[in-house]
Every structure is written in C-alpha cells, then in structure tokens.
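Engineer:
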Amino acid sequence: MKEFLKPKREFIKTDLSYYTELTASRVRAALLTKNQQELFPLFNLLVDKDTSLGSECEKRLNSTLNKFFTHDLGESEDENIEEIIKASVEARLYGFSLLELYLENNFIKVSLVDRSYIEFRENLPTLRIGKNRFIAKEPFFITITSNPAMLKTLWIAYAKHYVLSLYLKFAEFLGVPPLIGGATSSDEKTLKQMSEAFENLRSGSYAIFGVNDTIKILEGRGSQEDFMEFIRYCDAEIAKCINGSVLSSNTATTGSYAQGKIHENNRFEIIDADIKFASRQVKNFYSRFNKKANLNIQYEKDKNLLQRAQMLSILYPLGYEMSIDDMAKEFDLPLPKKEKLKSLNYKLPKKPLDKFDEFIESPNFKEPLKGVETMIKDSLNTLLKECNTYEEAFNKLYEIYDGVPLDILENVMFSAMSNAEILGLSDEF
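Numbering follows UniProt numbering, in which position 390 of the sequence shown is assigned residue number 390; successive positions increment by one, without gaps.
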C-alpha cells in the first residue's frame, strides 16, 4: 500500500454557509432520512452552539482517550492506535469519522480528519485542497460509521434552543414589561400624549398622566423558575443520552448513594462499549497489513486499582492470599517475567570448601552428635525425677557433661522446660 500513499496534505475548512440553521424542518428531515447529508451539519452546529451537549461529548471522548493501552506493535504505532481510538469514539457519537493514511519518513501514519474540513455532497464525504474538491475514499482514507448517540438528542436540543430564543426575545422586556394604558378621552390629542408618556416610561424616563388615566402591566403565566426547570430537564436528557447521566453534572440538584451508583454503572457500560468498538476498529485496520495488534485498553469497571489493592491488604491478615495467576487476572495484568539466575553447575553436588567443612557434612559427624543429644536428654530426665527443682537438676547435668559444648546442653534444657510448661498447663485444665 505504500506505493499509493502520499505525504500528509493540508485541507481547507468548510465554508460557513455549509452550517445549517437549527429549524424544525431540518431536524425532521435528519430524523427521517438518518443520513450524514442532513445529520453532519446539524451535529457540528449543536456541538459548537450548545455548551451542555458539547461538554458531554468531550467528556465521553476523554473517558476513553485517558485510558492506558498496550499492544504488540511497538512504540512507533502508539500515535496511530490513539488516532484510531479517537476516530472510533467520534463515530459512536456522531455516526461518522474519517481517517487519513499518509507517508511520513517511509512509515504509514494515520490521522483523524477534523470535522471542520468535511462536507457531505450526495451523501458522500468530500474534502477540498485549493480549488479542487474530491471524495474521500480508499486507499487514502478510511471511514468509520456507527449509530450516532447524538441522534436521540436532536429533538430535545431543538426544543431547548427554541424556548431559549423566545425567552431571550422576552428578556428585553424584563426591566419594564409591556404596558397597557387607559385614557379618559379618546380624542387624538389625548391619545398622542398618552403614547409619548408610555415611550418615556419604556426608555427609562418619566411621564405625567391625568388623574383618571390608568396603567397596567402585561404579565404572562410563565415564570423564570419554570424556564430554568425546563432548561435543566433538557440538559439532563442530553446527559442521559450521551453519558448515561451522572450526578456530578450540573443537571442534578439532589440524589442518593444508590442513585449515584446506578448512574455510575450506566456510564461504565457506555465506556465499555466504546472500548470494545475501538478495539475492533484497531483490529480491522491492522488486518489490512496482516498484523495483529493485540490491543488491551486498561479499564477498571468496578473500582480503581487503589481501592482494590486496599481491599486485598485488609483481607491478607485474615488469611486470604491471592496467587500470582489470580492477581494477574483480577487486575488485568500480564504475568511477571522473573528469570531465575542459575549457575552453570547448579545440578552438581556441592563441594566442601576445606577438610573441616567436609567433616561437618559427613555422617561421621552428624550421627554421633545425635547420639550425644539423646544420651543427655535421658540423663536429664533421670535427674529431674531425683531432684526437687530444675535448677538442681541443671547443676548436676553441668557436672556430669563438663566437656560437652554449652549450646548443646542449653538446647536440651530448653526443650525440657518447654515440655514441662505444656504439661503444667494441661494439668491445670
């Protein structure tokens, strides 16, 4: 494939006229056709216009990009794999993403094409270089498609911005709301004076009215609290569609621990699906070159590593211990590679260093030593029966075995004392 590829090219951004207006007819056409010809400009507009929707999309994208990953293709492919993962998550969000393949230092590189450069014509992605516009297709480009998560947010986002536009039009009247005046006379002069007086009031000036003139304020049934509640509802629905809704967002004012765990689990399920989709796209990409990436994106579904390690440290004193294999499976880690240092002659028997070392290791030294210890134990048992105290028995033992090393006698005495203490405790009970 290298012979077909070119160095990275510079594209020209799409004309602003391509951005569509957020109207009911556009939203209806996008939902009916479900093709990128209608969806692509709407999604671009909403992400840039709606801060809540844009931040939720950014949060979902970063939830996968921040994960550490490993593979078998070497460090030179790290950037390529990261670009494919990013394109995969964007496809899950917007339904479409475009990857460019190019040559750099005789290596194949992959780069995600920014959405601001793409324009759909006849439902095909096109790019522009200079004055020339062309269709982005293989082998220079790879498209990734999926069911867009933002499709479910179109109607609720349109309703939110429709209400916002009406409220902003009404906002200019919040200082001095619409006025209704009642004049005592309907002649032209009186009506003109009343009109000028109302204009002065609207402009923040003053006016003089007659004794019988009346002024009323036009008030609607809606309130600012109702408006803010509706905006919060729209933001909550958007967060639910994109990230499964989390209590840490600005859409929730109250909640419980159980509710928070449910929302957290929903978010984990969404991230898990994004990771599986991205892993599949990486596998499909490298299969074109007969390579196996063996991508492993490190993702903790239940708890983070610190919490799980703390749990193991609590269980260890209670007698629960994990083997190396179980720990690697629990934390999704590879088995440790520990090489045991072995001497070249590790199978050969040990050779004594000198004649003393040889004598100590020989049976001629070990067997008589065991016999001496047995004889001393028998003598001590006899003395214990004859004497009234241990001290008296030990003194006689020193006199009998004056030439025996002191450490051997002490070992025998310690053994006798230990057995005596055990017997004493059993007698008490």
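All residues carry an ideal CB built from backbone N, CA and C; glycine is no exception. As the structure is a prediction and not an experimental result, all values here were calculated from the model.
#1: Less than 7 Å between C-beta atoms, sequence neighbours within five positions excluded: which residues of the same chain meet that for Ala-149?
#2: If you pair each beta-carbon of the segment 192–205 with each one of the segment 224–243, do three or more pairs fall below 8 Å?
#3: I need the boundaries of the beta strand (DSSP E) containing Tyr-102, first residue and last residue.
#4: What is the rounded straight-line gap between the Cα of Phe-227 and the Cα of Tyr-162?
#5: Using the C-alpha atoms, what's the distance from Ala-159 back to Val-110?
#6: Just confirm the distance between the C-beta atoms of Ile-180 and Lys-216, as a whole number of angstroms; I'd bet it's less than 8 Å.
#7: What whole-angstrom Cβ distance do Ile-135 and Thr-126 have, given they're in contact under 8 Å?
#8: Go to Ser-146, then tell me how far its beta strand (DSSP E) extends in each direction, as first and last residue.
#9: In three-state terms, what does DSSP make of Gln-224?
#10: What does Ile-324 pair with, by DSSP beta-bridge criteria?
#11: Suppose you measure from the CA of Phe-210 to the CA of Pro-178; what does that come to, to the nearest Å?
#12: Do Lys-396 and Leu-384 come within 8 Å of each other at the CB atom, strictly closer than that value?
#13: Measure the C-alpha to C-alpha separation of Asp-326 and Glu-225 and round it to an integer number of angstroms.
#14: Do residue 501 and Phe-69 have their C-beta atoms closer together than 8 Å?
#15: Near Leu-5, which residues of its chain fall below 8 Å by C-beta distance, leaving aside the five closest residues on each side in sequence?
#16: For the alpha helix (DSSP H) that contains Lys-49, what are its first and last residues?
#17: Keeping to the same chain, check which residues put their C-beta closer than 7 Å to that of Ser-116; ignore five residues upstream and five downstream.
#18: Using 10 angstroms around the beta-carbon of Pro-334, count the other beta-carbons present and answer buried if the total reaches 16, otherwise exposed.
#19: Return the residue from the list Asn-44, Gln-281, Glu-321 that minimises the CA-CA distance to Ile-142.
#20: Does Ser-287 pass the burial test, meaning 16 or more other C-beta atoms within 10 Å, or should it be called exposed?
#21: Can you tell me whether Ser-111 is helix, strand or coil according to DSSP?
#22: Can you list, in chain order, the residues of its chain whose CB lies under 7 Å from that of Cys-57, leaving out five sequence neighbours each side?
#23: Could you compute how far the alpha carbon of residue 430 sits from the alpha carbon of Glu-10?
#24: According to DSSP, Pro-178 sits in a beta bridge with which residue or residues?
Structural biologist: Looking at the coordinates:
#1: Within the sequence shown, residue 149 is the residue found at index 149, counting from 1. In its chain, beyond the 5 residues on either side, Arg-92, Leu-93, Cys-241, Ile-242 have a beta carbon closer than 7 Å to the beta carbon of Ala-149.
#2: Short answer: they don't touch.
#3: Position 102 of the sequence shown, counted from the start, is the residue given in the question as residue 102. Where Tyr-102 is concerned, the enclosing beta strand (DSSP E) stretches over 96–104.
#4: Within the sequence shown, residue 227 is the residue found at index 227, counting from 1. Within the sequence shown, residue 162 is the residue found at index 162, counting from 1. Roughly 12 Å separates the two Cα atoms.
#5: On the sequence shown, position 110 is the one that residue 110 refers to. On the sequence shown, position 159 is the one that residue 159 refers to. Rounded to whole angstroms, Val-110 to Ala-159 spans 39 Å at the Cα level.
#6: Residue 180 sits at position 180 when you count from the first residue of the sequence shown. Residue 216 sits at position 216 when you count from the first residue of the sequence shown. Right, the Cβ-Cβ distance comes to about 4 Å (below 8 Å), so this counts as a contact.
#7: Translated into positions along the sequence shown, residue 135 becomes position 135. Translated into positions along the sequence shown, residue 126 becomes position 126. Contact holds; Cβ gap of about 5 Å.
#8: For the purposes of this step, residue 146 is identified with residue 146 of the sequence shown, where counting begins at 1. Premise fails: Ser-146 is in no beta strand (DSSP E) and is neither H nor E.
#9: Within the sequence shown, the letter at position 224 stands for residue 224. Residue state, collapsed to three classes: helix.
#10: Here residue 324 refers to the residue found at position 324 when the sequence shown is read from its first residue. Partner(s): none; Ile-324 has no beta bridge.
#11: The residue given as residue 210 occupies position 210 in the sequence shown. The residue given as residue 178 occupies position 178 in the sequence shown. The question names Phe, but residue 210 is Gly in the sequence shown. Cα to Cα, Gly-210 sits roughly 20 Å from Pro-178.
#12: Indexing the sequence shown from 1 puts residue 384 at position 384. Indexing the sequence shown from 1 puts residue 396 at position 396. Not closer than 8 Å, so no.
#13: Mapped onto the sequence shown, residue 326 falls at position 326. Mapped onto the sequence shown, residue 225 falls at position 225. Each residue's CA atom was taken as its position, placing Asp-326 and Glu-225 some 55 Å apart.
#14: A question about residue 501 goes unanswered here, because the residues of the chain that appear run from 1 up to 429.
#15: For the purposes of this step, residue 5 is taken as residue 5 along the sequence shown, with counting starting at 1. The answer, listed in chain order, is Leu-101, Tyr-102, Leu-103, Ile-108, Pro-139, Phe-140.
#16: Here residue 49 refers to the residue found at position 49 of the sequence shown. Start and end: 36–49.
#17: Start at 1 with the first residue of the sequence shown, and residue 116 comes out as number 116. Contacts found: Lys-13, Thr-14.
#18: Translated into positions along the sequence shown, residue 334 becomes position 334. Residue burial is scored here from C-beta neighbours: Pro-334 has fewer than 16 other C-beta atoms within 10 angstroms and is therefore classed as exposed.
#19: Within the sequence shown, the letter at position 142 stands for residue 142. Closest option to Ile-142, Cα to Cα, is Gln-281.
#20: Counted from its first residue, the sequence shown places residue 287 at position 287. With fewer than 16 other Cβ atoms within 10 Å, it is exposed.
#21: One-based indexing of the sequence shown puts residue 111 at position 111. Note: Ser-111 maps to strand in three-state DSSP.
#22: For the purposes of this step, residue 57 is identified with residue 57 of the sequence shown, where counting begins at 1. Cβ within range, chain order: Val-47, Leu-93, Ile-242.
#23: Outside the displayed range of the chain (1 to 429) lies residue 430, so it cannot be described from this structure.
#24: One-based indexing of the sequence shown puts residue 178 at position 178. DSSP output for Pro-178 lists no bridge partner at all.
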